[in-house]
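Only one structure is covered here, and it is reproduced in the block below.
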Amino acid sequence: MNIRRFGVSVEENILSALDTYVKKHSFPNRSRAIRHLIKSTLVNEKVDENKMVAGAIVIVYDHHHRELNSKLMHVQHEYHDAILSTQHVHLEHDLCLETIAVKGKSKTLQELADRIIGTKGIKHGKLVMTDIE
Ligand code: NI
């Protein structure tokens, strides 16, 4: 198979997390580790998009970030059919942890999670899904 090179820009802390991951799993180099991460993520993408699933979107953010709260609220109202509940915890002085319980087609939940996690100011975000059929 042809190997192609491409440039990737990441924050310093992501790069050092990658280096820790490379060491921990004894990858010979960063490229191998990145290949592994891409492949394993793409496998998860293959789940049937129309399957009914339930899960949670977990996000951590700084509530001082301009307009973030209203943007998050706006997206959640757009997807109100898929959202079962939202729990907000004031984690630290500036940090909030939100757990959004969701249910619907996996495609819809992925869309919703991408919109939420992709919002500027979200520090960390993850979608967990499980089969309910
Ligand atoms: Ni809070």
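First residue of the sequence shown? That's 3 in my numbering, and the numbers climb one at a time after it.
By construction, the Cβ of each residue, glycine as well, lies at the ideal position given by its N, Cα and C atoms.
This structure is a prediction, so every number in the text was calculated from the model and none was measured.
| Item | Value |
| --- | --- |
| On the CB-based measure, 16 or more other CB atoms within 10 Å of its CB, does Met131 come out buried or exposed? | buried |
| Taking 7 Å as the cut-off, does the CB of His66 come closer than this to any heavy atom belonging to the ligand NI? | no |
| With a cut-off of 8 Å, does the C-beta of Arg7 fall near any C-beta of chain B? | In the structure shown, chain B does not exist; there is a single protein chain. |
| Quick check on the DSSP output: the beta strand (DSSP E) that includes His76 runs from which residue to which? | Careful: His76 lies outside any beta strand (DSSP E), inside the alpha helix (DSSP H) at Leu70 to Glu80. |
| Measuring CA to CA, which of Glu69, Met75, Ile5 and Val55 is closest to Ser33? | Ile5 |
| Got a sec: does the ligand NI put a non-hydrogen atom nearer than 7 Å to the Cβ of His90? | yes |
| For Glu14, which residues of its own chain have a beta-carbon under 6 Å away from its beta-carbon, when the five flanking residues on both sides are left out? | none |
| Compute the distance between the beta-carbons of Glu100 and Gln89, then report whether it is under 8 Å. | yes |
| For Ser108, does the three-state DSSP call read helix, strand or coil? | helix |
| Using the C-alpha atoms, what's the distance from Ile85 back to Arg7? | 41 Å |
| Please report how far the alpha carbon of Lys105 lies from the alpha carbon of Leu114, in whole angstroms. | 11 Å |
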